[in-house]
Each structure stands twice: as C-alpha cells, then as structure tokens.
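Report on the structure given below.
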Amino acid sequence: MSIENQDIPSSSNSPPILEEPQFQNIVHEVEFEGEVLVIDSTNWRNSTLLKLQILSGFSVFILFGLAEQTLGTLLPKLQDYYKINDLHISFVFLVSTSGYLTLAAINNITHDALGIRGVAILGSVAMTICYLVVSTKPPFISLLLVYFLNGIGFGSLDASLNTWMGNLHDSNQLLGILHGCYGIGSLVSPSLITYLLERKKNPWHWNDYYIILAIVGGFNIIIIAYLFRYETPKKYKYTSIMKHQKETIQLSNLKDDDQITETEIEIPHNASIKEALKSKIVWAFSLILFIYVGGEMSTGQWLVSYYLRIKDWTYKSSSHLSTTFWTGLTVGRILLGFATVHFFNNELTANLIYILTSFIGSFAFWLLTYTNVVIPIFILMFFLGCVVGPIFPTTIVASVNVLPAKYQTIGVGFICAFGGAGAAGIPFLVGLIAESSDSGLKMFPIFVMIIFGILLIMWAFITKYYSKSYKVNRL
Numbered sequence: 078m079s080i081e082n083q084d085i086p087s088s089s090n091s092p093p094i095l096e097e098p099q100f101q102n103i104v105h106e107v108e109f110e111g112e113v114l115v116i117d118s119t120n121w122r123n124s125t126l127l128k129l130q131i132l133s134g135f136s137v138f139i140l141f142g143l144a145e146q147t148l149g150t151l152l153p154k155l156q157d158y159y160k161i162n163d164l165h166i167s168f169v170f171l172v173s174t175s176g177y178l179t180l181a182a183i184n185n186i187t188h189d190a191l192g193i194r195g196v197a198i199l200g201s202v203a204m205t206i207c208y209l210v211v212s213t214k215p216p217f218i219s220l221l222l223v224y225f226l227n228g229i230g231f232g233s234l235d236a237s238l239n240t241w242m243g244n245l246h247d248s249n250q251l252l253g254i255l256h257g258c259y260g261i262g263s264l265v266s267p268s269l270i271t272y273l274l275e276r277k278k279n280p281w282h283w284n285d286y287y288i289i290l291a292i293v294g295g296f297n298i299i300i301i302a303y304l305f306r307y308e309t310p311k312k313y314k315y316t317s318i319m320k321h322q323k324e325t326i327q328l329s330n331l332k333d334d335d336q337i338t339e340t341e342i343e344i345p346h347n348a349s350i351k352e353a354l355k356s357k358i359v360w361a362f363s364l365i366l367f368i369y370v371g372g373e374m375s376t377g378q379w380l381v382s383y384y385l386r387i388k389d390w391t392y393k394s395s396s397h398l399s400t401t402f403w404t405g406l407t408v409g410r411i412l413l414g415f416a417t418v419h420f421f422n423n424e425l426t427a428n429l430i431y432i433l434t435s436f437i438g439s440f441a442f443w444l445l446t447y448t449n450v451v452i453p454i455f456i457l458m459f460f461l462g463c464v465v466g467p468i469f470p471t472t473i474v475a476s477v478n479v480l481p482a483k484y485q486t487i488g489v490g491f492i493c494a495f496g497g498a499g500a501a502g503i504p505f506l507v508g509l510i511a512e513s514s515d516s517g518l519k520m521f522p523i524f525v526m527i528i529f530g531i532l533l534i535m536w537a538f539i540t541k542y543y544s545k546s547y548k549v550n551r552l
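The sequence shown lines up with residues 78 to 552 when you count with our numbering.
Shown next as structure tokens:
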C-alpha cells in the first residue's frame, strides 16, 4: 500500500488516523519529503527482512563479546609485550570509555544525519579499523588511539541496535537473545585464545587473534549495509514523528479528541541531547547501566588476572573459569528473558530479583576466595553469570517503557552509550586499585560485591517509584 505526497502524516477524518497503515504494523510504503520509504512490520513473524536484520544484530553482538573478552584474556600478554603495569594497561579501558561517551554526546545528531543504517555502518567500520591496526602490533600509543575508535564503534552499534530492537514485538525475548549473543562471543574468546596461543604446533602470537575480529567486523559491514538499506535518515525522521504522533493521539483520546492537530504535529518529535540530559530518569538509568556493565566486565576481564596472580592458578585454568562465567551469562540472558515475560508482573520486579541474586552470588564469591576449592567456584561463577546476564536487556526494556516517546531515541541511546562506557571505566578503576599496592588486586572480589550492592539499592528506588504506573506484562 502506498501513501502519496505525504510530507507529514495526514490527520484527515476518514479513515480514522489510527487505522492508517503507519499505525497498523503492516508493511507499506510512504512518500515523505520526496523519498519513498519502505516501512516494515515490527513483528518478526510477519517479515523475512526483519528476521534477517535481527540475525545481523545477533552477529554484531557476538563480535562485541569476542572483542571485549579478547582484551580481558590477553591482558597478561599485552603487559608482557609492552612492558607495562596494571595502571598503564587500564588506559586502554579509559580511552574506550572516551569513545563511548563521545558517541553518546552526539547520538541524536548521528542518527538524524545517517539513520539507523549509517550509524550501524559507522560503528562496524570503526571497530574493524581498530582490529586491523592492533593485529600489526602497533606502538602502545597507537593501540590507545585505535581503541578510542573501538569505543565509538561499540557506542554506535550498542545505542542504535538496542533502541531499534527495544521497539520490536517480543522485545524482552529478542534483547535477551541479542545480549546472549554477546555472551556467546565472550565465552568463546578465552578458551579459543588459550588454545591458539598455547598449542604445541604453530602457536599463534597474541596479535594474530585480532585478524579474526577484523574478518568478522568486515562481514558485519557487508550484511548491515545490505539488510538495513531501507533505514535511511528520512525514514528515521519519519518513524520518530510517527511515534510522537501516536503518543499524542493516545493522550488526546483521553481528552475525547480523536485526532492530532497541526500544532501538535509541529512539536519536536525528538528531544535534544540538552533536554535529555536534564531528565533525572535518563541519568538514573544511565548510571545504573554504567555500574552494571562495569561490574559485569570487571568480573569477566579481571577474573583471569586475579586467579593467575593471586590464587596461583595456571593461565589455562583461569581462562576456563572466565569462560564458565560467560557461559552462565549467555544461558541467563537467553532463558531468563523468556522467564521475565512469563513469571513476573513486569521488568522492574524481575530485575530487582536478578540484581538481588547477583549480589548474593558476588558475596558467595568473596567468601569462596578464602578457600582453595575448585569445583564449587566453577559452579558459583556459572550461577553468577546466569543471574547477572538478563539485567542489561531487562533494564533496556524497562527504560523504553518508562521514558516518554520523545526521549526514546536520544534517551535510550545515551543510556546504552553511557552504560557501555562502564565496560571500560570501572575495569580501569579496578586497574588503579590493583596497581595501588601489592595487595590491590586482592580487593577484586570485594569490589565486585560492592558494585552489585550499589546496583541493588539504585534499582530498588526505581522499582518503588515506577511500579504503580508501569504496565503489566501481557503473558
């Protein structure tokens, strides 16, 4: 179905505007500002293209996991090669954080200028360049510079794909699988790197593994460029207007007003970054994800170094423990995403339970570090990964439901980017603590426990404040 010459969606009396195709979740075309846009369904069951786009998103997040755990697993190798201490290697996390935050500040600008497709391509290209350069064993200063690019890439893809998928049907389940794919990449990297670097015949050098990451990144560039070919800047603008218009109509219906007025149409469909940063709830969700992602990544990335240096485990055993944590995280994200919908009234309550259980698990981890047990610590790390896993996607869905429509793009984008910066910022803080004294790294288990304790307190306030007005799960 085609709607001709429609610069701004019509508000004609017949048919009622909510019965027009742009509000009916069916595939249709619309002419907007001189461009014919293809508007797909948001229900993956109704669209082959959407299924393929979702799969490409899964591929991107597998690369996320591969890349982030590559750095964590190779920390000892990088320190040996560059002859640097814990503080110096932590600057890699810091510059990556800077890339994330840079992208967060201009997220709305990049989406307006490039659309979903352009932002996703930008992110994939930035990451691929980083891995190609690192594969050449560059000077440490060059490695820091390209990891800034890597942060921009992570921020671009994280913000765009989370926001996009958070507005699809079955968003809880899809985001759970999406971030489960991150876990798949994370659990593959430690064991695969250990095997390739320590095999007896033709062992790889640490930089060789980055070639694999560059190849996966190049593959993602190609599939994103093709599958998201309809996600243009004008389509992004149009769909943003439609979200705002639909929300306005629903509000006007409460006032017995059937249609939106031209004045209402002229209201900005998206808040600016300045407006979003004035929103307390945007900052609350951003800080929650910053702390959560930082706690998750600190656990995964410093676990190898902690057991290698403090507990005198072998490199192989330490890497396998890290793999166990990421295996649990993957299982938790995929399976508990479905549990959130079926067994909890809403995402707020589900996340409160997940965070509480994570805190209990981190407390048990701290206690077990005073023993020399092996099997129980593997079991515990798998369990901890399971309950930590669903917190990120559940938080994203909660933020989409809580934030007004005008904040969803810039707000959720900033939340994801700022939260993703925690993946670098808090591990950097762990590095500072580790370098502060001979016993600094021994504080690692207590640090993890404190992180999840803070997270529990913050989410308890969110749940208390928004639980009464929050929508109940349909299933």
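Yeah, the Cβ is synthetic: ideal placement off N, Cα and C, and Gly gets one too.
Residue environment, residue i, which counts as buried when at least 16 other CB atoms sit within 10 Å
| i | result |
| --- | --- |
| Leu444 | exposed |
| Tyr259 | buried |
| Tyr384 | buried |
| Pro522 | buried |
| Gly111 | exposed |
| Asp117 | buried |
| Val113 | exposed |
| Ser516 | exposed |
| Glu275 | exposed |
| Phe505 | buried |
| Thr125 | exposed |
| Val107 | buried |
| Gly511 | Here residue 511 is Ala; the residue named in the question, Gly, does not match the sequence. When all chains shown are included, Ala511 counts as buried. |
| Phe225 | buried |
| Ile299 | exposed |
| Asn185 | buried |
Nearest residue (CA-CA) to residue i, options the options
| i | options | result |
| --- | --- | --- |
| Phe489 | Leu209, Asn162, Asp235, Tyr307 | Rather than Phe, the amino acid found at residue 489 in this sequence is Val. Ranking Leu209, Asn162, Asp235, Tyr307 by Cα distance to Val489 puts Asp235 first. |
| Val477 | Gly530, Leu221, Tyr543, Asn162 | Tyr543 |
| Tyr307 | Leu380, Leu264, Gly195 | Gly195 |
| Ile473 | Asn428, Ile301, Leu178 | Asn428 |
| Glu352 | Met374, Ser248, Ile487 | Ile487 |
| Ile492 | Tyr224, His397, Thr179 | Thr179 |
| Gly405 | Val211, Val223, Gly257, Trp281 | Gly257 |
| Leu220 | Tyr286, Leu155, Val381 | Leu155 |
| Ile288 | Ala144, Asn423, Arg122 | Ala144 |
| Leu425 | Trp536, Ser317, Gly497 | Trp536 |
| Asn227 | Gly243, Gly294, Leu532 | Gly294 |
| Trp360 | Lys545, Leu533, Ser175, Ala494 | Ala494 |
| Ile531 | Tyr369, Trp241, Tyr447, Val451 | Tyr369 |
| Ala197 | His165, Gly232, Ser175, Pro470 | Gly232 |
| Gly496 | Ser173, Val104, Ser133, Thr119 | Ser173 |
Helix, strand or coil at residue i according to DSSP, with G and I counted as helix
| i | result |
| --- | --- |
| Asp335 | Here Asp335 scores only 46 on pLDDT, less than 50, and its place in the model should not be relied on; the value that follows carries that caveat. If DSSP states are grouped into helix, strand and coil, Asp335 belongs with coil. |
| Lys114 | Rather than Lys, the amino acid found at residue 114 in this sequence is Leu. Strand. |
| His105 | strand |
| Trp281 | coil |
| Leu480 | coil |
| Ile183 | coil |
| Pro504 | helix |
| Asn123 | helix |
| Thr213 | coil |
| Asn422 | coil |
| Asp189 | helix |
| Ser356 | coil |
| Asp163 | helix |
| Thr205 | helix |
CA-to-CA distance, residue j to residue i, given in whole angstroms
| i | j | result |
| --- | --- | --- |
| Leu151 | Ile503 | 18 Å |
| Ile411 | Gly253 | 5 Å |
| Ile539 | His246 | 24 Å |
| Ala498 | Tyr392 | 28 Å |
| Ser167 | Gly508 | 5 Å |
| Ser396 | Phe217 | 24 Å |
| Phe524 | Phe367 | 15 Å |
| Leu140 | Asn162 | 27 Å |
| Val464 | Ser439 | 11 Å |
| Phe135 | Lys357 | 31 Å |
| Asp189 | Val210 | 30 Å |
| Ile270 | Asn423 | 39 Å |
| Thr187 | Tyr484 | 16 Å |
| Leu264 | Leu380 | 13 Å |
C-beta atoms of residue i and residue j nearer than 8 Å
| i | j | result |
| --- | --- | --- |
| Ala291 | Thr205 | yes |
| Ile454 | Leu398 | yes |
| Tyr286 | Ala501 | no |
| Ile193 | Trp241 | yes |
| Gly377 | Trp403 | yes |
| Leu433 | Leu533 | yes |
| Phe296 | Gln130 | no |
| Tyr313 | Phe109 | no |
| Ser435 | Ile301 | no |
| Thr401 | Met458 | yes |
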